[in-house]
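Report on the structure given below.
And the structure:
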């Protein structure tokens with residue numbers, strides 16, 4: 209898992225509540241990513257970060273925000289969770305120095321929105 | 615826009631038989647190609663990657679893939695599967711100058727005894 213931890217690993221919440229997922233890495237990697245995994249869709253990029261306070265949108269960013277106030281943590285927030293955001297969320301990093309942007313993935317967070 | 619298509623959503627196969635998982639990509643620029651494996655209730659693990667050079671790429675666990683530029687394909691093969699190869703497999707593409715991976719929809723491989 210390339211030194212990536214995600215918390216929580218499982219969460220059940222109700223529609224309309226805010227939820228924050230945390231991705232933590234210990235090796236000062238510059239690039240970090242959040243994906244969601246849904247059956248038949250593979251993984252889709254939500255947001256990514258290329259440094260502290262530097263973030264950009266992916267293909268499915270609506271309803272999600274991110275923050276990166278320090279190198280090791282990349283937070284994903286659902287401001288008001290909806291049932292369509294029930295999914296498995298994966299964090300990934302690109303190791304520093306890699307020229308081809310290979311990505312390594314964390315263990316995932318399973319989120320259920322009731 | 616870049617896209618990746620995995621032509622089979624499920625592939626049942628008997629133990630010790632060969633398997634091929636098909637992947638096609640569309641891109642007008644050079645791409646890097648990857649195959650990842652996801653075992654049940656786990657994250658994604660890189661099987662192999664094509665960056666440049668030889669079109670036949672060998673990966674872990676006896677898997678290999680062949681890059682075919684004219685057919686825009688990157689099919690994954692294993693000559694003899696084991697029960698432990700039961701997993702979901704994802705093909706992914708990355709533009710050579712970019713940092714956003716595009717994934718296919720995944721292929722579930724079920725190896726039967």
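Protein chains in written order, with the numbering used here: chain A, 209 to 322; chain B, 615 to 727. Where a beta carbon is used, it is the ideal one built from N, C-alpha and C, also for glycine.
(message) Here's the rule I'm using: 16 or more other beta-carbon atoms within 10 Å means buried, otherwise exposed. How should residue 669/B be labelled?
(response) Taking all protein chains in view, the Cβ of residue 669/B is surrounded by fewer than 16 other Cβ atoms within 10 Å, so the residue is classified as exposed.
(request) Answer yes or no: does any C-beta atom of chain B fall closer than 9 Å to that of residue 310/A? (result) It does: the Cβ of residue 310/A has a partner Cβ on chain B nearer than 9 Å.
(message) Could you tell me the alpha carbon to alpha carbon distance between residue 220/A and residue 659/B, rounded to whole angstroms?
(response) Cα to Cα, residue 220/A sits roughly 26 Å from residue 659/B.
(request) Count the C-beta pairs between the stretch 230 to 245 of chain A and the stretch 211 to 219 of chain A that are closer than 8 Å, then say yes if the count reaches three, no if not. (result) When C-beta atoms of the stretch 230 to 245 of chain A are compared with those of the stretch 211 to 219 of chain A, three or more pairs fall below 8 Å, so the two segments count as touching.
(message) Which residues does DSSP list as the beta-bridge partners of residue 691/B?
(response) According to the DSSP secondary-structure assignment, residue 691/B is paired through a beta bridge with 634/B and 678/B.
(request) Tell me, please, which residues DSSP counts as bridged to residue 238/A. (result) Listed as beta-bridge partners of residue 238/A by DSSP are no residues whatsoever.
(request) Would you kindly work out how many angstroms separate the C-alpha atoms of residue 261/A and residue 673/B, rounded to a whole number? (result) CA-CA distance, residue 261/A to residue 673/B, rounds to 36 Å.
(message) Helix, strand or coil, according to DSSP, for residue 277/A in the structure here?
(response) Note: residue 277/A maps to strand in three-state DSSP.
(request) Give a yes or no on whether the minimum CB-CB distance between residue 313/A and chain B is below 9 Å. (result) Yes, residue 313/A lies at the interface with chain B (some Cβ there is under 9 Å from its Cβ).
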